[in-house]
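The structure appears below as structure tokens.
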Amino acid sequence: MDASETILSVKDLRVRFRTLDGVVEAVKGINIHVNAGETVAVVGESGSGKSQTMMAAMSLLASNGEATGVVDYRGRNLLTLSKSELNQVRGRRISMIFQEPMTSLDPLYSIGNQLIEPIRRHRGLGAAQAREEALKLLRLVYIPDPERRMKSYPHELSGGQRQRVMIAMALANDPDILIADEPTTALDLTIQAQILMLLAELQRKLGMAIVFITHDLGIVRRLADRVYVMRYGEVVEEGEAEAIFVNPQHAYTKMLLAAEPTGIKAPPPPNAPVLLEGRNVEVTFKIGGGFLAGEPLILRAVDHISIRLKRNQTIGIVGESGSGKSTLGRALLRLLPSDGLIRFGDRDISAADRQAMRPLRRELQLVFQDPFGSLSPRMTVGQVITEGLLVHEPILSGRQRDLRAVEALREVGLDPNARNRYPHEFSGGQRQRIAIARAMILKPKVVVLDEPTSALDRSVQKQIVELLRKLQADHELSYLFISHDLAVVRAMADYIIVMKQGKIVEEGPTEAIFSNPQATYTQTLMAAAIDVTRFRLSA
Amino acid sequence: MTDIVATAPAVVGRSLWGDAWARLKANRAAMFSLYYLAFIAILSVFGPSLVPHRYTTIYADYVRMPPSLSAYPKPDKIETALNEAIKRMRVDIKQWRQEDNRIFVTVTSHKPIDDRNVRYLDRSDAFDNTKIESKSADGLEAVMSASIRQQYFLFGTDNTGRDLLSRTLMAGRISLAIGLLAGVVAGVIGVLYGAAAGLAGGKVDEVMMRIVDVLYSLPFIFFVIMLVVFFGRNFVLMFLAVGAVLWLDMARIVRGQALSIRRQEYVQAAEAMGVGQRGILIRHVIPNLLGPVVIYMTLLVPQVIILESFLSFLGLGVQEPMTSWGVLISTGSKNIGTANWLLLFPAFFLVSTLFALNFVGDGLRDALDPRDR
């Protein structure tokens, strides 16, 4: 295949959505082209229109959207094709993988069925032949024990395996172009690295072009040949990947590149008092069991963990999903029943019930990962923020509460007018600020931050990290910072605990862990996060 | 995933309810249905007192009159009505003529004519305001005059000669009242029961839901017949019977919603802040429940109206002379061959109201469902 041949070119593409507030233009006349066999990355933060560009090209827009312009695939304008003509291209010549592998697979059909069906339809093969093809594909994406996996259902696979199956399905018809829309965002770091490595290898073997839609510049650097940077529905910069990283032209690209959180947190003085302490904390969940269901399965989510949080200290708890890090955070706040000793200040709170915990709640706050789910959609921001005051300072008048809300919003860098509006009118980063304001208004001593930056764009992450550090310095707060993102943890924490399957794998001061990780698991994590070598060169 | 930021909004935010209202307004079928329902409701509430006929008045002369835009009695029927009335006076008609809206009739008899005979003419539904104009010296001949009573029966009359228009409107009053009240009764019981079960969770929830299952398995008609046998037919009983059965669905829906809201992060956040159960119920669970409850209510009301109609159709519902759409349709269906208007008008009102309610329910579901955003 001629490497310089342009197989997909998008010319002056515009995407509009009709909404209640009038027409919103999500993509404003962009030009993109993809050559055969190359990897193109479309980079941008949420709302930049990068996904809508590809959705429009594949005619997958929501019903209130419309696209104008030209999407030329080998001389055919995809925007004007009829549905049946489009299906000749879509799924065959151009295929797509999505962010969330759980919802993209049909839970009612086995993996084998879902693979065989499109192969038979598109290529007209017999059942036995199609089965052979499907097995070959599963081997291609390194699914262990493919014969057995053919009979499995999606819920029996892990997230990474599901994404591998999705890739196998996308490759079933030997496409020219594979569009990958944030394919690794929902996965753990080490799995992300494996999937990206797989994609790079497949491209080398099969020679298709890959269009990568992502907000993660790390991926782009390791995988892409050319990059388009999008913002507000426009392409602000394009060029060779290396050139963009070494010598960015546009201010926005520079901002994106500099968005990695920086700085370190100095440890508290050694004589600082211990605020929150857990000794041999253990949390178990019973799964199943009951009167007729037999013995329940006991799952030990947190397995004998001890932790000492001093005043003004930030402990970073690192681990992949399912490692029990969130469970530990909640157990320490007595939001989950647990065994072992938990002390707050000089009080033993391991046996405190709901009633006894209530007065302590104002000093022990929690900020959640998902800024969309953690704010009640029916309350104004002002009501959300001041709810804690109703409990802990019931003598305040409505006016005084309002003043406190204004103060809290100013402190987290939001316009105080925001208190009359509703959460759904704000962006992710603003909502996370609201959630932080809700915790801060009570003037707590300890805040558990459960992945507070994971759902946010990089540049917004940086702002939130800076805000949290400022608040810590102003109020001598102690943080328990739970995250899987090592770059953020490095900037936030002075002490790190690495967790795996409910146990502590390694712990120590941040710099020691980063410069000299001892456990192999920590080393793997570091390699997945920090390494910037290109997959194509290394693979 | 793309979150498109629209133009900067004013300082006062638009709540989800405001948002839903804007979406509902864009839905033409739902808005039209809403206006139509308001129209029917106003008609049913004020109509019966504006219509010239009371829904209980029996016009013996106008049994099963077809609907007509012109007034009764029709010109060709005046003579028949006159003959009937005169016959009751036991006198003979010598001659009669009509001048504008009054008739003049000359009657003769063998015996002297009593002045009180005029009431026979008044008694007829066709005439009014009868006077003796002149009398012969021997009293055997008299000239009487009477004005013709102009009566409009736009929807015709029923088997006993009652105006169908006023009866249909009255029936609407009853049907809508039962629909609304029993709907509210079922809704309130269902929301309280379901929210309590969902919030309590665990064993309490288990037991409460098994009770619902047991009630589900009771045959409804059997239950109503029992109530009627023990307490006699009664308007209030209708609410009880219908409400007692329909809250079960509501309880299930609300319980499911409460369970899922209970696990939302904003509820956990409130718990982490030390908010008590009551605060969580009032500030978080109930406001977030209201969407599905409102939707289900609009679907519950037609269900109640249909149930009431069904019961009345079987003869277990409201009693004569009070009426409801179900009662009217039941009588109408027995006269479908000879007097089809008895079925058509009430059926049109019932069906169009149910349609409108369903459209509004669908519109609300689309407007309140945040997933469709």
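For the protein sequence lines, the chains are Z and D, in the order given. For the first sequence, this note's numbering assigns the number 1 to the initial residue and increments by one for each residue that follows. For the second sequence, this note's numbering assigns the number 1001 to the initial residue and increments by one for each residue that follows. The beta carbon of each residue, even a glycine, is placed where N, CA and C say it ideally should be. From a predicted model like this one, the values you see are computed outputs, not experimental measurements.
With respect to the 7 Å criterion, Z/Arg-222 and Z/Phe-245 are not classified as neighbours on the basis of their beta carbons.
Taking a beta-carbon distance threshold of 7 Å, Z/Gly-388 counts as an interface residue toward chain D.
Secondary structure remark: continuous alpha helix (DSSP H) runs of at least 4 residues inside the region 1059-1115 of chain D, in chain order: 1075-1088.
DSSP places Z/Ile-119 inside the alpha helix (DSSP H), whose first and last residues are 111-123.
Using a 10 angstroms sphere on the CB of Z/Pro-517, the tally of other CB atoms reaches 16 or more, which defines it as buried. When DSSP states are grouped into helix, strand and coil, Z/Glu-237 belongs to the strand group. If one requires a minimum length of 4 residues, the alpha helix (DSSP H) runs lying completely within the region 451-511 of chain Z are 458-475 and 486-492, in chain order. Ranked by Cα distance from Z/Leu-135, the options Z/Ile-111, Z/Asp-12, Z/Glu-295 and Z/Arg-121 are led by Z/Ile-111. For D/Val-1275, no alpha helix (DSSP H) run applies, since DSSP gives it neither H nor E. According to the DSSP assignment, Z/His-424 belongs to no beta strand (DSSP E), since it is labelled neither H nor E.
Contact check for Z/Phe-481 and Z/Ala-493: beta-carbon distance about 5 Å, within the 8 Å limit, so the pair qualifies. Your pair D/Val-1254 and D/Leu-1199 does not check out as a contact, with CB atoms roughly 10 Å apart and the cut at 8 Å. Distance between Z/Asp-188 and Z/Ser-321, taken at the CA atoms: about 7 Å. For Z/Gln-129, the enclosing alpha helix (DSSP H) stretches over residues 127-140. Going by beta carbons, Z/Ser-374 and D/Glu-1206 fall outside the 7 Å limit. Between the region 1075-1094 of chain D and the region 1161-1171 of chain D there are fewer than three C-beta pairs closer than 8 Å, too few to call the two in contact. When Z/Leu-364, Z/Ala-186 and Z/Arg-123 are compared, the shortest CA-CA separation from Z/Asn-173 is found for Z/Arg-123. Ranking Z/Asn-77, Z/Phe-17 and Z/Leu-366 by CA distance to the CA of Z/Gly-233 puts Z/Phe-17 first. With the rule of 3 Cβ pairs closer than 8 Å, the region 437-453 of chain Z counts as touching the region 320-334 of chain Z. Contact annotation: Z/Val-460 and Z/Gly-316 have beta-carbon atoms that are not nearer than 7 Å. By alpha-carbon distance to Z/Ala-128, the top candidate from Z/Leu-137, Z/Ile-116 and Z/Leu-138 is Z/Ile-116. Beta-bridge partners assigned by DSSP to Z/Thr-327: none are found.
Assigned with DSSP and collapsed to three states, D/Tyr-1120 falls in helix. Residues of chain Z whose Cβ lies closer than 9 Å to the Cβ of D/Met-1273 are, in chain order, Arg-361, Arg-362, Gln-365, Leu-366, Glu-387, Gly-388, Val-391, His-392, Arg-438, Ala-439 and Leu-442.
In this structure D/Glu-1084 is exposed. Its beta-carbon is surrounded by fewer than 16 other beta-carbon atoms within 10 angstroms. Within the same chain, and ignoring the five residues on either side of Z/Ala-331 in sequence, the residues whose Cβ sits closer than 7 Å to its Cβ are Val-281, Val-283, Val-302 and Ser-338. In chain D, no part has a C-beta under 8 Å from the C-beta of Z/Gly-429; the shortest such distance is about 11 Å. At a C-beta separation below 7 Å, D/Ala-1270 has these neighbours in chain Z: Glu-387. The distance from the Cβ of D/Leu-1037 to that of D/Leu-1357 is about 7 Å, consistent with a contact at the 8 Å cut-off. Listed along the chain, the chain Z residues whose CB falls inside 8 Å of the CB of D/Asn-1288 are Ser-376, Pro-377 and Arg-378. In terms of CA proximity to Z/Gln-88, Z/Asp-176 leads the group Z/Ser-158, Z/Asp-176 and Z/Glu-45.
Annotated as proximal: Z/Lys-445 and Z/Leu-275, with beta-carbon spacing under 7 Å.
Secondary structure of Z/Asp-402 (DSSP, three-state): helix. Z/Gly-316: not part of any alpha helix (DSSP H); member of the beta strand (DSSP E) spanning 314-318, first to last residue.
Under DSSP, Z/Ala-26 forms no beta bridge with any residue. If the five residues before and after D/Ser-1134 are omitted, its C-beta is found closer than 6 Å to the C-beta atoms of Val-1143, all from its own chain and listed in chain order.
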